Structure formats: structure tokens, C-alpha cells
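In the numbering used here, the protein residues as written are 18 to 411. Notes follow the structure.
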């Protein structure tokens, strides 16, 4: 099938080819002049043979990715579960475990999402900004996921409601515009934009039966060093692709990293992503998740280095892959949950990372370069690709 949005959908929602629409992001950044990367084979071409690397001292990133493929298929995908749909905790909804049918449910979910050409039949997850439904594309008979912005449960009159409706649509449009610029095997692809009869916008993406990285590691524990390197290298390739297009994700965390049935990871949720001109030093945004955000967010510096934000998040992710937890052991949702959020802020601000002995020297040295508190001294993507642990020579 053809991935990405059709020109009709782009025109309908104000997304122009090769550009980011000014009415979506408030900026205009032509694609011309931004470096294009040609490191990856067509992910739909299954017949491209994987050649072993004859010289481990001369490794480029596409060979690094290719050398690891196949191993993780047997190491991870054979134990990937098919995660159950999100279920309602209200006793009166026992007859409808996949959907919340009552308006009084504390989960604020609503009736099944209805739109042309798709039939929703389950809720995968409920996040801060939206509800992700599992659905069938009735035209192709394929299972997909539809991310729908949460409903507004306040008054439906007045300026506040209007501001919410405008924000909701701009938030969804921003994510679609960001994703449409990207074409990478480890970045989620938009398939369609849909709208329900009551005006709720939905972003259609591929369905990932493997769930997200958070669920996986909480179920099976930390990865081996080889598995962690394979997974981390895929994420680094995605972030490199973004930075080549002057993009910053701003919210890289395990919940936003999806896993397919082959054990490959895909970066998702671009709702707070931004595009920056390298000559512009922006004010620090308030976004992301505190435990994966760089220290500048906590100490509230007036300016920050946007392209180093995602590098810090990758460092925390690598720690998480190897240990099954974050460096801030008391953070909600992880083992040892006992610390207040202000304690986590204190840890983040101090950039105090206690590396367990189980972490080998290679990935620890790489993490130290990514978790450098001074963003000017923090390693960039090009430096990470040159690290001996990434190349597999360590």
C-alpha cells in the first residue's frame, strides 16, 4: 500500500507538499536545502539481502542497522505479546469491556469513534492529549490505530470552548504536518486524517501489536547489551533524521516508542514537536515529560539548545533499556515508586546519575556523553554515530 497522506487530504487540511504550512505551525520552512539522507533501503522491499560488514573499523549507520536486523527478530519478537485492549474500570460497563459508554466514567473516554471508512472496535490507550482506538480500515480490511484528541467536558458555549476547539485542531494538525515531512522506517507514518460526525479529528496510523516500550520492559525486564544497542541504534537513526530536518521531538519516552511484530521500534507522538532554524536560539518551551527532559526544563533557563534536548532523552532511554528503570528510581510507574515529583525535579536539575554496576563500560561511556548537564558539551548525533559501542567495535 502507499504510505503517507494523499494530496487531496493535504489540501483539505492545509498541508502543502515539501513544506510545513504556515497556518499549522506559524512558520514556513521549505524542504529544499535541508539535507536528505539516503541511508535506508525501502522498508517494503523484503528481497534486499543483508550483507555482512567486512571491516568493523569502517562502519556507517545503515550497515550498523542492517547488521543487527534478524537477531532481534528471534530475541524479542518471539516473546512479544498481543496486548489486550484498554478496558473500563466501571462495573456498569462489564458488558462493553473495550469502550466506556457512559458519560460519568472517570476515565473520560467516550463511545466508539465513528468515521467514514473505518470501524473502531477497541481502545488501545488513553493519554494526556488523546485516546488511541483500534479500528479496521474497511476499504483494505487492515487493522489500524486512530489517535483522537480528547473531548472537552466543560461548557460548550463561550470563548473558552472556542479556544479549546481551535487548540485541539491545531494540535492535531501540527502532528500531521510534522509527520508528513518525515519518511523514515523508525518514525510512525500518517495514513489518513478522519473526522467524526460530531467534529472529532482522528489521525490514522499503523497498528503496532507489540505495544510500546514501556509495556514491554515492565513485562520482560531490561534488554541484553546487544538488544539494547539494536533498539537504541534505531532510535538514534530516527532522531538523526529529525535533526536533518531541523526538527525536535521534545517528548521521547518509552510510551511513545512502539514495537512491531519483528521487534523493530518506531518513534511516535509528535504533538509537541517543533522545527527550528539553527541560527535561532528559542525560549525554553514547557512541554515533554519531566523525567526524560533535559535539566534546562527544571532549572528554567531562558534559552536552551533545542537539538540537544532529544539527545538527553535518548540517554535516559538507553539507561532504561539496560536497567528496566530510569535513573530517578522514585518516578511514578517505575520500581521503587516512593519519591515526590519535586524529588525527581531535584535529581533532574542536578543531573546526578548513579550508574549500576550491571551497565557495561561501553554504553555507560555513551550515556555520560548524552547526559552531560552542559548542553553545549553534550554529544550530538554525529558524535554518537562515531562511538565505538554504536559501531560494534567495543
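Ideal placement from N, C-alpha and C gives every residue a C-beta, glycine not left out. Given the structure is predicted, the values throughout are model-derived calculations rather than measurements.
Between the CA atoms of residue j and residue i - distance to the nearest angstrom
i           : j           : result
residue 208 : residue 399 : 31 Å
residue 266 : residue 290 : 4 Å
residue 144 : residue 220 : 14 Å
residue 260 : residue 407 : 19 Å
residue 376 : residue 253 : 19 Å
residue 387 : residue 370 : 12 Å
residue 134 : residue 149 : 17 Å
residue 401 : residue 232 : 27 Å
residue 381 : residue 372 : 7 Å
residue 195 : residue 385 : 30 Å
residue 71  : residue 280 : The pLDDT assigned to residue 71 is 35, lower than 50, so where the model puts this residue is not dependable; a value taken from the coordinates is nonetheless given after this. Rounded to whole angstroms, residue 71 to residue 280 spans 25 Å at the Cα level.
residue 166 : residue 283 : 21 Å
residue 345 : residue 132 : 42 Å
residue 288 : residue 224 : 18 Å
residue 199 : residue 238 : 31 Å
residue 255 : residue 197 : 14 Å
Residue(s) in a DSSP beta bridge with residue i
i           : result
residue 223 : 161
residue 135 : 132 and 154
residue 327 : According to DSSP, residue 327 bridges with nothing at all.
residue 6   : The structure shown does not extend to residue 6, since the chain is modelled only from 18 to 411, so the question has no answer here.
residue 143 : 148
residue 291 : 265
residue 212 : 218
Limits of the beta strand (DSSP E) - the one that residue i falls within
i           : result
residue 380 : No beta strand (DSSP E) contains residue 380, which is instead part of the alpha helix (DSSP H) from 378 to 387.
residue 204 : Premise fails: residue 204 is in no beta strand (DSSP E) and is neither H nor E.
residue 284 : 282 to 284
residue 240 : Here residue 240 belongs to no beta strand (DSSP E), and DSSP marks it neither H nor E.
residue 275 : 274 to 276
For residue j and residue i, believed in contact at Cβ under 8 Å, the rounded distance
i           : j           : result
residue 343 : residue 328 : Not really, about 16 Å apart at Cβ, beyond 8 Å.
residue 292 : residue 330 : In fact, because the Cβ distance is near 17 Å, the residues do not count as touching under 8 Å.
residue 153 : residue 138 : 7 Å
residue 271 : residue 234 : 7 Å
residue 157 : residue 141 : Incorrect: roughly 19 Å between the Cβ atoms, too far for contact.
residue 322 : residue 393 : 7 Å
residue 258 : residue 204 : 7 Å
residue 325 : residue 395 : 5 Å
residue 211 : residue 163 : 7 Å
Limits of the alpha helix (DSSP H) - the one that residue i falls within
i           : result
residue 407 : 405 to 408
residue 401 : 398 to 402
Residue i CB to nearest heavy atom of the ligand ZN below 8 Å
i           : result
residue 215 : Annotation note on the ligand ZN: not contained in the displayed structure, which lists no ligands.
Open item on the list: So, does the segment 332 to 340 touch the segment 237 to 256, judging by three or more C-beta pairs under 8 Å?
Closed with: yes
- [ ] Give a yes or no on contact between the segment 228 to 236 and the segment 270 to 286, applying the rule of three or more CB pairs nearer than 8 Å.
- [x] yes
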